[in-house]
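**Student:**
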Amino acid sequence: MKFSLFVHMERWDESVSHRQLFEDLTELTLMAEAGGFSTVWIGEHHAMEYTISPSPMPLLAYLAAKTTTIHLGAGTIIAPFWHPLRVAGECALLDVISNGRMEVGLARGAYQVEFDRMAGGMPASSGGQALREMVPVVRALWQGDYAHDGDIWKFPTSTSVPKPIQKPNPPMWIAARDPDSHNFAVANGCNVMVTPLMKGDEEVLDLKNKFQTALDNNPDVPRPQLMVLRHTHVHAVDDPEGWKVGAKAISKFYRTFDAWFGNKQTPVNGFLAPSPEEKFAERPEFQLESLHKTAMIGTPEEIIPRIKYYQELGVDEFSFWCDNSLPHAEKKKSLELFIKHVVPAFR
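Residue numbers (numbering that gives the first Met the number 0): 0 to 346.
1. I want to know whether the region 294-307 touches the region 238-246 - three or more CB-CB distances under 8 Å.
2. Tell me which residues share the same chain as A184 and place their Cβ nearer than 6 Å to its Cβ, disregarding the 5 neighbours each side in the sequence.
3. For the pair the region 123-135 and the region 74-89, tell me if three or more CB-CB distances fall below 8 Å.
4. In this structure, does DSSP put H291 in helix, strand or coil?
5. Within 10 angstroms of its Cβ, does Y253 collect 16 or more other Cβ (buried), or is it exposed?
6. Would you mind stating whether E288 and M226 have Cβ atoms separated by less than 8 Å?
7. By DSSP, does L204 sit in helix, in strand, or in coil?
8. Helix, strand or coil: which one does DSSP assign to L39?
9. What separation, rounded to the nearest whole angstrom, lies between the Cα atoms of T66 and F279?
10. In whole angstroms, what is the alpha-carbon distance linking W152 and E43?
11. Give me the Cα-Cα distance between V233 and P155, rounded to the nearest whole angstrom.
12. DSSP state of P155, grouped into three classes?
13. Give me the DSSP bridge partner(s) of N190.
14. What does a CB cutoff of less than 8 Å around Q165 pick up in its chain, not counting 5 residues either side in sequence?
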């Protein structure tokens with residue numbers, strides 16, 4: 000079982016500067032590397048303070064110079080917002096900068112609020128077309144000269160400059176949920192990243208089964224890797240109420256996700272208030288006791304068997320998702336406990 004860190008700068012009010020958030024993200028990454036984590040993942044989001052990353056590339060390039068072993072994962076690039084030549088070239092450049100430590104995840108995008116601003120109001124639900132066209136094009140550009148005449152992009156003979164160090168190409172990942180996206184990823188030789196969000200471990204089993212069906216549908220393709228991304232908060236054994244800290248924070252994160260995803264309000268300077276708690280009175284998955292069971296919240300002794308279950312299912316990588324609305328000091332304590340007490344159980 001590999002472990003990775005999924006992290007963004009997140010800002011909930013103007014009391015913390017963007018510079019401080021940048022330094023905090025760097026500190027968490029260096030902790031993860033020292034703790035033996037395989038990868039740090041940073042995604043792409045636009046004009047929202049609660050997930051700050053207009054491009055993962057400059058952050059990852061900076062971290063490449065600060066680290067020596069951890070892989071730098073763009074997780075994910077939103078395909079409809081990019082041109083394939085930019086994806087190929089920027090990812091290859093990051094691979095050169097990091098001396099062969101770049102990984103890239105591609106996604107179709109989720110927030111309509113971003114599509115309204117970045118893609119002229121194109122429906123977010125149609126982003127999958129760009130994703131499916133993007134993947135083989137980027138791989139072809141990494142190999143050499145290639146001309147493309149697709150439904151979305153058309154360009155004459157071109158190539159990725161520079162070329163990536165990793166051969167035949169850097170690892171590519173697809174964020175997948177439905178059976179078609181699992182099948183596309185496996186058929187195209189891409190690793191698969193999944194997140195159960197607010198559902199329990201039965202959802203991990205369901206997603207794993209979709210991945211297995213895709214493997215069965217493509218028997219001639221070498222088995223790619225499967226990553227599970229989970230909101231994670233570890234508390235000490237001598238703090239039996241510590242789980243509530245994580246559950247309250249993750250509930251706030253998801254209520255904020257709901258506000259952005261609903262796209263019913265105009266953000267003010269990049270901020271949107273979380274949807275009110277009363278909105279979810281009939282939604283048990285938002286209750287603290289439910290989040291205690293579904294998110295990866297608990298003491299190391301409670302968390303280890305759940306991750307071992309994922310390992311038994313065939314999950315290759317568990318990604319510690321630390322975006323959760325908590326202050327940096329709390330995130331740091333949680334990650335320290337995970338590194339000290341959870342990771343050794345898998346070594």
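C-beta atoms are modelled at their ideal positions from N, C-alpha and C, and glycine is treated no differently.
**Tutor:** Result, derived from the coordinates:
1. Contact annotation: the region 294-307 touches the region 238-246, with at least three C-beta pairs closer than 8 Å.
2. Counting from 1 along the sequence shown, the entry for residue 184 is found at position 185. Here the set comprises I173, A175 and V191.
3. Flag = yes, the region 123-135 and the region 74-89 touch.
4. Translated into the one-based positions of the sequence shown, residue 291 becomes position 292. Looking at H291 - three-state DSSP - the assignment turns out to be helix.
5. Along the sequence shown, one-based indexing puts residue 253 at 254. Buried, by the Cβ-count rule.
6. Mapped onto the sequence shown, residue 288 falls at position 289. Mapped onto the sequence shown, residue 226 falls at position 227. Contact: no.
7. As a working mapping, residue 204 is identified with position 205 in the sequence shown. Note: L204 maps to helix in three-state DSSP.
8. Within the sequence shown, numbered from 1, the residue matching residue 39 stands at position 40. The sequence given here places Val at residue 39; Leu does not occur at that position. Strand.
9. On the sequence shown, residue 66 is found 67 positions in, with the first residue counted as 1. On the sequence shown, residue 279 is found 280 positions in, with the first residue counted as 1. Computed Cα separation, rounded: 42 Å.
10. As a first step, residue 152 is located in the sequence shown; it is residue number 153 there, counting from the start. As a first step, residue 43 is located in the sequence shown; it is residue number 44 there, counting from the start. So the two alpha carbons sit approximately 21 Å from each other.
11. Taking the sequence shown and counting its residues from 1, the one referred to as residue 233 is at position 234. Taking the sequence shown and counting its residues from 1, the one referred to as residue 155 is at position 156. Using only the alpha carbons, I get a separation of about 52 Å.
12. By 1-based counting over the sequence shown, the position of residue 155 is 156. Strand.
13. Counting from one through the sequence shown, the residue named residue 190 turns up at place 191. N190 is bridged to W172.
14. By 1-based counting over the sequence shown, the position of residue 165 is 166. Answer for Q165: D94, G99 and M101, listed in chain order.
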